[in-house]
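Input: a single structure, listed below in structure tokens.
There are 2 protein chains.
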Amino acid sequence: MASIKNARHPFYEHCHTALNEIRQQGRYRTFTPLARLADRFPLYEEEGPALPEGREVVVWSTNDYLGMGVVPEVQEAAIAAIREHGVGAGGTRNIAGTSPLHTALEAELAALHGKEAGLLFVSGYVSNQASLQAILTSMPGWICFSDQLNHASMIAGIKGARGAQTVIFAHNDLADLEAKLAAAPAEAPKLIAFESVYSMDGDVSDIAGICALARKYNALTYLDEVHAVGLYGEEGGGIAQRDGVADEVDIIEGTLAKGFGVHGGYITASAGIVDFLRSTASGFIFTTSLPPSVVGAALVSVRKVRAEGWRREKMFERVNAFRARLRAAGVPFTMTPSHIVPVPIGDAELCKRICRRLLVEYGQYATPINYPTVPQGTERLRLTPGPFHTDEMMDEMVQALAHLLRQEGVMPPARQTENAA
Amino acid sequence: MASIKNARHPFYEHCHTALNEIRQQGRYRTFTPLARLADRFPLYEEEGPALPEGREVVVWSTNDYLGMGVVPEVQEAAIAAIREHGVGAGGTRNIAGTSPLHTALEAELAALHGKEAGLLFVSGYVSNQASLQAILTSMPGWICFSDQLNHASMIAGIKGARGAQTVIFAHNDLADLEAKLAAAPAEAPKLIAFESVYSMDGDVSDIAGICALARKYNALTYLDEVHAVGLYGEEGGGIAQRDGVADEVDIIEGTLAKGFGVHGGYITASAGIVDFLRSTASGFIFTTSLPPSVVGAALVSVRKVRAEGWRREKMFERVNAFRARLRAAGVPFTMTPSHIVPVPIGDAELCKRICRRLLVEYGQYATPINYPTVPQGTERLRLTPGPFHTDEMMDEMVQALAHLLRQEGVMPPARQTENAA
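Chains as they are written, first to last, in full-length UniProt numbering: chain A, 1 to 421; chain B, 1 to 421.
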């Protein structure tokens, strides 16, 4: 270990103090090392010191909702691209980093959302941050109407546009949004930024309603479908596709890393908007493009997801089967209109301990969701059963949860009759 | 093509106008579709309409400087990870996205730079933006001293820290930096943000000199080694390693996408600083982690680059051989202390036309570097010969350049004696 010659700078002390505070608040982050077993998904091997070496665990928190990342054709597409083109892109899109695969995937994503064009970014985070910041600095006087629960990446882009004004509206509250739109100067360029499925609460926005307000007040609409693409709509085009309103949304943003099981983010919109962002968004221009293997795998994944509905159907069947078991066992959970199953805990330390015990005592992995991902006091487990969670896995997980939540005082003790049963 | 119901929003017209302006300034960006041939690097296939189908071109602009992305062991490491773990990470680092490969790579990068710890980001851009923004918002009163030519990603992070004050110092000008450090309040927390190799000009900073000033004025140092890692220093640890001053720099940032030929970015620093950024940097926390295949390939690449110096040596031999040929042919270029060979053109339209003609008439690809990557009036070709550019490729490229630059009036006409020769 090298000594740092300059460690008298106050930042070193600040890090120490800030981390102590985080520890005291019970929200110090520990990443569990989990190696996914491609041929046994959703089984992973835990490789930390917590468990005997190579102990398999059932993962309930992956965002590869449909398991597309372990579909053999998707894996083979990635492997073929590596053999043919190497592992990295070798440059920005402008510096020899545009392969024909990139262009093909952008066209495929545009078609998925019924838009004229698509644009790839290295992540969903960057697609939101770079696009929103570029849009909101394009003209003077922008006002951005932003849902209160928008993702950190949208907030980063909105805050990054220093000249724009931000108006936060109450979460999914169209009356509040309309009041705020009506109060704004008619001539100011307006943007409404919102999501379809809110990932931590699992609730769903009224896209048609928001687009009607956008028309009435002449606002541009920017919709994050990150937790919906692949899962909703006839071809997996998201909630906007399911609701038949994709053509009312100006910009639809999505990810390749969740429902499509690969990596990277994108936007789709009119040819002009995409060309403008391609030409001006700093986070798009000044970065190495996605590796051909990622792009090639995503292309196969998106095409399969569009063509094959059975994984979506199976996922919702499994989510419902899981909820039925939770209900039967009396395990509290938040009922949502999506595939996301939050189990409220309400305390950071407790949330981490329950997850730790699930892992160590039962070989079940659920991520503790603490601040800053959710507000303090609303800490939770966030479970996402997928098409490959079996009945047996569900029985074991629900039993483990019921036992632990009772022991930890989150659920009331079992009634005598139940104990006797 | 879907119609957009809301196209009367002024942003649509703004995109149209802005793109027309960009076209009129001759800097409309066209991405040449280039498919890298892994087994014949630096040969690519051009797959646009410009050339006959499947025409091979020699690429002089890749940032995979050493060709690590096509080293068979690196490709095989990526393939093995895909077979074993699937194509995507499936979640953020906290949400089941930390594989044992991630942890191993972070340790390897820390060792490369002689630091206590490392942290991976989805790109070099994000590593700069997220880290600088998190550092400069950590305490009140930060003053950031930023080199005038810092990369867009550093500027994005610095500008993103709204509470911090930014002082720009003249490029590589230590006298100006010292004057500005001396003029700042002694008690304010200070950061000096700079690069080692400046990518577009190819010049190199005086790291030891800047670190001496940092000690004198108690400033933290943040060094971007993106265009140096893999290429300089005994193990490819960058200019700081070559100059023996890595332990004087607080934070060293690098990329896996250039000298290491893969994808992604990272920082290395003290354990406390890395733990702080891991716990607070938005662009680290709220994003899907790098795919296991990228991380596994990078791990093998970094280990090979550390152990094997021949690619670095060969690259510099090739760069010198190329410069000698340019000199002999009278082709103007900027002499730099790095591996980067800029050929000044000075006009956006002309720069694009020369690159186009190089491609179409000679099968040679060099990226036109225009605004906003460099200031207007300093447009250039940026050539990066690597270990696998042969003498024959160089002869052809230099001949093509000399011919085109004469035709386009960038070089004076050939003397009679030369024409007669």
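From the three backbone atoms N, C-alpha and C, an ideal C-beta is built for every residue, glycine too.
Contacts of residue i in chain B (Cβ-Cβ under 7 Å)
i: residue 32(A); result: 98
i: residue 126(A); result: 126
i: residue 47(A); result: 100
As assigned by DSSP and simplified to three states, the class of residue i
i: residue 146(A); result: strand
i: residue 212(B); result: helix
i: residue 264(B); result: coil
i: residue 194(A); result: strand
i: residue 295(B); result: helix
i: residue 413(B); result: coil
i: residue 53(A); result: coil
i: residue 24(B); result: helix
i: residue 398(B); result: helix
i: residue 17(B); result: helix
i: residue 35(A); result: strand
i: residue 269(B); result: strand
i: residue 248(B); result: helix
i: residue 169(B); result: strand
Proximity test, residue i beta-carbon vs the ligand NAP heavy atom, cut-off 6 Å
i: residue 237(A); result: In terms of ligand content, the structure shown is empty, and the ligand NAP therefore cannot be addressed.
Neighbouring residues, chain A, relative to residue i (Cβ below 7 Å)
i: residue 38(B); result: 83, 84, 85 and 86
i: residue 70(B); result: 86
Neighbouring residues, chain B, relative to residue i (Cβ below 9 Å)
i: residue 149(A); result: What residue 149(A) touches in chain B: nothing, since even the nearest Cβ is about 13 Å away.
i: residue 332(A); result: None at all; the shortest Cβ gap to chain B is about 21 Å.
i: residue 160(A); result: 156, 159 and 160
Cα-Cα separation between residue i and residue j, rounded to whole angstroms
i: residue 37(A); j: residue 135(A); result: 41 Å
i: residue 358(A); j: residue 329(A); result: 17 Å
i: residue 382(B); j: residue 414(B); result: 24 Å
i: residue 232(B); j: residue 155(B); result: 25 Å
i: residue 41(A); j: residue 67(A); result: 7 Å
i: residue 46(B); j: residue 57(B); result: 7 Å
i: residue 102(B); j: residue 183(B); result: 43 Å
i: residue 80(B); j: residue 65(B); result: 24 Å
i: residue 289(B); j: residue 126(A); result: 13 Å
i: residue 110(B); j: residue 397(A); result: 38 Å
i: residue 241(B); j: residue 247(B); result: 9 Å
i: residue 163(B); j: residue 15(A); result: 18 Å
i: residue 419(A); j: residue 157(B); result: Bear in mind that a pLDDT of 45 at residue 419(A), under 50, signals an unreliable position, so the model cannot answer this.
i: residue 239(B); j: residue 190(B); result: 23 Å
i: residue 216(A); j: residue 124(A); result: 29 Å
i: residue 410(A); j: residue 311(A); result: 34 Å
Min CB distance residue i to chain B below 7 Å
i: residue 122(A); result: yes
i: residue 196(A); result: no
i: residue 207(A); result: no
i: residue 75(A); result: yes
i: residue 272(A); result: yes
i: residue 22(A); result: yes
Contacts of residue i in chain A (Cβ-Cβ under 8 Å)
i: residue 10(B); result: 139 and 189
i: residue 275(B); result: 15 and 19
i: residue 64(B); result: 86, 88, 90 and 91
i: residue 291(B); result: 262, 263 and 294
Any C-beta of chain A under 7 Å from that of residue i
i: residue 370(B); result: no
i: residue 95(B); result: yes
i: residue 338(B); result: no
i: residue 168(B); result: no
i: residue 171(B); result: no
i: residue 245(B); result: no
i: residue 261(B); result: yes
i: residue 473(B); result: The shown model of chain B, from 1 to 421, leaves out residue 473(B), and the question about it has no answer.
i: residue 78(B); result: yes
i: residue 384(B); result: no
Contacts that residue i makes with chain B (C-beta to C-beta distance below 8 Å)
i: residue 152(A); result: 282, 285 and 286
Closer than 9 Å at the beta carbon, the chain A residues around residue i
i: residue 389(B); result: The premise fails here: residue 389(B) is roughly 14 Å from chain A at the closest Cβ pair, so nothing lies under 9 Å.
i: residue 278(B); result: 29 and 31
i: residue 157(B); result: Result: empty, since nearest Cβ-Cβ is about 10 Å, beyond 9 Å.
Note down, one range per segment and in chain order, each alpha helix (DSSP H) of at least 4 residues found wholly within the region 217–246 of chain B.
-> For the region 217–246 of chain B, whole alpha helix (DSSP H) runs of length 4 or above, ordered along the chain, are 239–242.
Length at least 4, wholly inside the region 62–133 of chain A: the alpha helix (DSSP H) runs in chain order | Qualifying alpha helix (DSSP H) stretches, in chain order: 72–85 and 100–113.
At what residue ranges does the region 357–385 of chain A contain a whole run of the alpha helix (DSSP H), taking only runs of 4 or more?
-> none
Could you give the uninterrupted runs of the alpha helix (DSSP H) lying entirely in the region 272–354 of chain B, keeping only those of 4 residues or more?
-> 282–285, 292–307 and 310–329
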